[in-house]
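Below is one structure; the comments refer to it alone.
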Amino acid sequence: MRRLAMVAVLVAGCGGEGAPPLGVQPTLSSIQRSVFTPKCAGCHRDARDMPHKLSLVAGESWDQLVGKDSETFGGMPRVVPGEPHASALTAIAHSYHDMTAGDESAVWSWIEAGALDN
Ligand code: HEC
Numbered sequence: 009m010r011r012l013a014m015v016a017v018l019v020a021g022c023g024g025e026g027a028p029p030l031g032v033q034p035t036l037s038s039i040q041r042s043v044f045t046p047k048c049a050g051c052h053r054d055a056r057d058m059p060h061k062l063s064l065v066a067g068e069s070w071d072q073l074v075g076k077d078s079e080t081f082g083g084m085p086r087v088v089p090g091e092p093h094a095s096a097l098t099a100i101a102h103s104y105h106d107m108t109a110g111d112e113s114a115v116w117s118w119i120e121a122g123a124l125d126n
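When you number the sequence shown by this note's numbering, it's gap-free, plus one each residue, and the end is 126.
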């Protein structure tokens with residue numbers, strides 16, 4: 009229910025630039041700011057040689073995730089737009105990576121809404 013509410017807010021707010029700060033939102037820019045940059049890019053910062061050539065640095069993460077196959081999940085795509093359950097990014101969220109329930113929910117909703125570069 010909460011996920012649906014957040015998507016509704018996003019659609020109604022049309023991008024949410026002026027939206028009140030409700031924590032991480034299901035947009036790439038919010039996920040980047042609250043999750044990828046502070047929690048992930050310390051390791052995933054150089055697509056040439058960091059874990060599985062995955063960079064989650066701002067400006068690089070979308071290209072690195074959407075439609076790219078993961079290496080650890082037997083070729084499962086990292087992000088399939090509209091299909092969070094088929095996206096390795098949501099699987100890794102349940103292993104050793106430091107994501108809160110709110111982070112995971114935002115990532116799930118972002119993918120479900122089409123994994124836009126927003
Ligand atoms: C302490 C370093 C470190 C941090 C921080 C980290 N990762 Fe990773 N990540 C790794 C390593 C090492 C691997 C490869 C080994 C593995 O898959 O278990 C990996 C693998 C991955 C993969 C699989 C890539 C592929 O192609 O198979 C994804 C997706 C991923 N990480 C996402 C994230 C996200 C999202 C965050 C932040 C919430 C994050 N990582 C934070 C070290 C890190």
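Just so you know, even glycine gets a beta-carbon here, dropped at the ideal spot from N, CA and C.
Treat the numbers as computed from the prediction; the structure is a model and nothing was measured.
For residue i, verify whether its CB is less than 7 Å away from any heavy atom of the ligand HEC.
| i | result |
| --- | --- |
| HIS52 | yes |
| VAL43 | yes |
| ILE119 | no |
| HIS60 | yes |
| SER113 | no |
| LEU64 | yes |
| SER38 | no |
| HIS105 | yes |
| GLU79 | yes |
| LEU124 | no |
Give every residue of the same chain whose Cβ lies closer than 8 Å to the Cβ of residue i, excluding the five residues on either side of it in the sequence, and list them in chain order.
| i | result |
| --- | --- |
| VAL15 | With a pLDDT of only 48 at VAL15, under 50, the local geometry of the prediction cannot be trusted, and the value read off the model is given with reservation. Closer than 8 Å at Cβ, skipping near neighbours: PRO34, SER117, GLU120 and ALA121. |
Give the C-beta separation of residue i and residue j to the nearest angstrom, bearing in mind that I take them to be a contact with Cβ-Cβ under 8 Å.
| i | j | result |
| --- | --- | --- |
| LEU124 | LEU97 | Their Cβ separation, rounded to whole angstroms, is 15 Å, which puts LEU124 and LEU97 out of contact at 8 Å. |
| PHE81 | ALA99 | 6 Å |
Going by the beta-carbon positions, is the gap between residue i and residue j smaller than 8 Å?
| i | j | result |
| --- | --- | --- |
| HIS52 | SER63 | yes |
| HIS105 | GLU79 | no |
Return the chain-ordered list of same chain residues with a C-beta closer than 7 Å to the C-beta of residue i, the five sequence neighbours on each side being excluded.
| i | result |
| --- | --- |
| VAL65 | ALA49 and ARG53 |
| GLN40 | ALA66 and SER69 |
Could one say the Cβ of residue i lies closer than 8 Å to chain B's Cβ atoms, at least one of them?
| i | result |
| --- | --- |
| ASP125 | Among the chains of the structure shown, chain B does not appear; only one protein chain is present. |
For residue i, which residues in the same chain have their Cβ closer than 6 Å to its Cβ, ignoring the five residues on either side in sequence?
| i | result |
| --- | --- |
| ALA20 | The predicted position of ALA20 is uncertain, since its pLDDT is 45 and thus under 50; no value can be drawn from it. |
| ASN126 | THR35 and LEU36 |
| ASP77 | GLY83 and PRO85 |
| PHE44 | LEU64 and SER69 |
| SER38 | VAL32 |
Does the ligand ZN have a heavy atom nearer than 7 Å to the CB of residue i?
| i | result |
| --- | --- |
| ALA109 | The ligand ZN is absent from the structure shown, which contains only the ligand HEC. |
Three or more C-beta pairs under 8 Å: does that hold for the segment 84-91 against the segment 103-112?
no
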